[in-house]
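Chemist: The numbering used here puts the first residue of the sequence shown at 4, with every later residue one more than the last.
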Amino acid sequence: MDRALMDYRRRRRRSRLRLLSHLAGHRRVAAADLALSLILAGVAGAINAGGFIAIGRYTSHMTGYMSELADAVALADAALVASGLAAVACFIAGAVVSAILINWARRHTRWSQYALPLALEAGLLAALGLLAMVPWAGGFALAAAPALCFLMGLQNATITKISGARMRTTHVTGLVTDIGIELGKGLYRNRDPRIAPERDVRADGRKLTIFCAIVGCFFVGGVVGAVGFGAFGFGFALPIALMLAACAAPSFVTHYRRGRRGR
């Protein structure tokens, strides 16, 4: 019995290690996609809510910035127009950089193609956390907001490429809409006897669970980020960066080992 339990625990441990190695790996599995989506949703929630506490700006989605930009144009507020344009441009630039890194890595070093943008996000986030500890003359918030928008564009494009455009992690509007659609399917009554049972409208329980989990992780990440940034300031970006680095590291290790073997 003890040996069977030990074997079970060993298999579980190996399974967890395998999942960790697949988080940003070239070979994708559904469990790794979901795990990475949940982690990145939590990161986005933490940066979005925590960033608002630290610098007074939400940075993980562009809907608010586009509305703000429209208002600024209508009010002829040049400073606000410049701020909105910078945020949107930086978000797009982050997505552009992610696409370039992933496509370059596919041709040159495919084992770390998804790890590269995650490592870049971790490095830039850590740099922001360290810079925040340096005395500034009030200019850090102005620089941090577009930088965080860049990171969120980078992250959103990365998970979009990894999941084949099935998942987003930096905003939840689409996910909440999908939750509503699945709930509507579940509440729909299939009463027409002329319709075959296989054509009945049915909710996809697995999809609903995944969507709710991602939204929940975004919320929990937001709570943690708000508390962390409120207590420690922008230095709280450092543990978030460390978590992102931990997601990317196994892929680099795999690439290094395969390079040593001449593959």
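Heads up, the beta-carbon is just placed ideally off N, CA and C, and yes, glycines get one too.
Expressed to the nearest angstrom, what Euclidean distance is found between the alpha-carbon atoms of C217 and D80?
Modeler: Inspection of the sequence shows that residue 217 is occupied by Ile rather than by Cys. In a straight line, the C-alpha of I217 is about 37 Å away from that of D80.
Chemist: Under three-state DSSP, which class holds G59?
Modeler: Judged by DSSP in its simplified three-state form, G59 adopts coil rather than helix or strand.
Chemist: Assess contact between the region 114-131 and the region 209-227, defined as three or more Cβ pairs (one per stretch) separated by less than 8 Å. Is contact present?
Modeler: no
Chemist: Who are the Cβ neighbours of V84 in its own chain at under 7 Å, not counting the five residues just before and after it?
Modeler: L72, A75 and V76
Chemist: Quick check: what's the CA-CA separation for A59 versus A125?
Modeler: At residue 59 the sequence reads Gly, which differs from the Ala that was named. Straight-line Cα distance between these residues: approximately 22 Å.
Chemist: Rounded C-beta distance between T62 and T176? I'm assuming under 8 Å.
Modeler: With 8 Å as the limit, T62 and T176 do not qualify as a contact, their Cβ atoms being about 15 Å apart.
Chemist: Which of helix, strand or coil does DSSP assign to N106?
Modeler: In the structure shown, the three-state DSSP call for N106 is helix.
Chemist: Determine the extent of the alpha helix (DSSP H) in which P120 is found, giving its start and end residues.
Modeler: A118 to L134
Chemist: Is S70 buried or exposed, if buried means 16 or more other CB atoms sit within 10 Å of its CB?
Modeler: Label assigned to S70: exposed.
Chemist: For the pair the region 145-163 and the region 180-191, tell me if three or more CB-CB distances fall below 8 Å.
Modeler: no
Chemist: Hey, which unbroken runs of the alpha helix (DSSP H) at 4 residues or more fall wholly within the region 221-252?
Modeler: Fully enclosed alpha helix (DSSP H) runs of 4 or longer: not present.
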